[in-house]
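Just so we're aligned, residue 1 is where the sequence shown starts under the UniProt record's numbering, counting upward by one. What follows is a short report on a single structure.
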Amino acid sequence: MKKALIIGAGNIGRGVVGYLLNRDGYKLSFYDVHPEHLIEMKNLGGYSVFVDDNNRQTEFHVSDFLIIDSDKLSKALEEHDFIFCCVYEGAFKSIAENLARAIQDCEKNNFKNVMLCVNSLGAPQKFVQYISEYLKNDPLSLDYFNEKVGINQVMVLSAALPLPKELSENYPYAVMITANPHLEIDGITFTGKKPEILDVEFVDN
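Structure below.
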């Protein structure tokens, strides 16, 4: 089964990325610094994404997802090769160090890609620097990182919208996003075979 790890379960993580991947058949795992919200969300049967098109909303429900415990992030990063990081840049160092530990522990055969869904200049370079520093005394892991792990900038071409009162009251944890959501992923830094996902494009410029 196709699977993806999403770090950060906010409007972009669960609303845009989660919607696009789950719609395409991916099994989702979420990691968030507030796991209690994810637990409540799962106990309520999941969450809804409303795609707004000229004030007409189409509902998509996400019910089947896993929750990664706070002390299991490195293991989850080891077990996933398709990872979306939907957090602010201030969380990069902690996540990069968890990824570095995962790289040290994993079998160094598969290509692994991390998509950085953050609008920040130089974000991939900063993330790479954190990992390279952590692995500087482990040449085997550092070589694997440089050769088979892609750290990729993502342009998220959608935005969250305020939920109407009637939806927010009836759909806890729902997200409303703009019409025609899609992602543009850096295709130059991506390693291995690029997956074909509706409304996800790999760009080479």
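A virtual CB, placed ideally from N, CA and C, is assigned to each residue, including glycine.
* Who are the Cβ neighbours of S120 in its own chain at under 7 Å, not counting the five residues just before and after it? -> Here the question's residue 120 lines up with position 120 in the sequence shown. Once the five neighbours on either side are set aside, the close Cβ partners of S120 are E89.
* Asked: What whole-angstrom Cβ distance do F50 and T58 have, given they're in contact under 8 Å?
  -> Along the sequence shown, one-based indexing puts residue 50 at 50. Along the sequence shown, one-based indexing puts residue 58 at 58. The Cβ separation is near 7 Å, so the contact holds.
* **Bridge partner(s) assigned by DSSP for D138** => The sequence position of residue 138 within the sequence shown is 138, counting from 1. Beta-bridge pairing links D138 to no other residue.
* Sorted by chain position, which residues of the same chain lie with C-beta nearer than 6 Å to G13's C-beta, five sequence neighbours on each side aside? -> The sequence position of residue 13 within the sequence shown is 13, counting from 1. For G13, where only same-chain residues beyond five positions count, the Cβ hits under 6 Å are I6 and C86.
* Asked: Helix or strand or just coil, what does DSSP make of N119?
  -> Position 119 of the sequence shown, counting from 1, holds the residue named residue 119. N119 sits in coil when the DSSP states are folded into three classes, being neither helix nor strand.
* Span separating the alpha-carbon of I68 from that of S29 -> Numbered from its first residue, the sequence shown carries residue 68 at position 68. Numbered from its first residue, the sequence shown carries residue 29 at position 29. Whole-angstrom Cα-Cα distance: 7 Å.
* Asked: What do you reckon, are the CB atoms on K42 and K27 nearer than 7 Å?
  -> The sequence position of residue 42 within the sequence shown is 42, counting from 1. The sequence position of residue 27 within the sequence shown is 27, counting from 1. In this structure, K27 does not lie closer than 7 Å to K42 by Cβ.
* Would you check if there are 3 or more beta carbon pairs closer than 8 Å linking the segment 162-172 to the segment 186-200? => no
* Where the alpha helix (DSSP H) containing F111 begins and where it ends -> Within the sequence shown, numbered from 1, the residue matching residue 111 stands at position 111. According to the DSSP assignment, F111 belongs to no alpha helix (DSSP H), since it is labelled neither H nor E.
* How is M41 classed by DSSP in three states: helix, strand or coil? -> Here residue 41 corresponds to residue number 41 of the sequence shown, with the count starting at 1. In the structure shown, M41 sits in a helix (DSSP, three-state: H, G or I).
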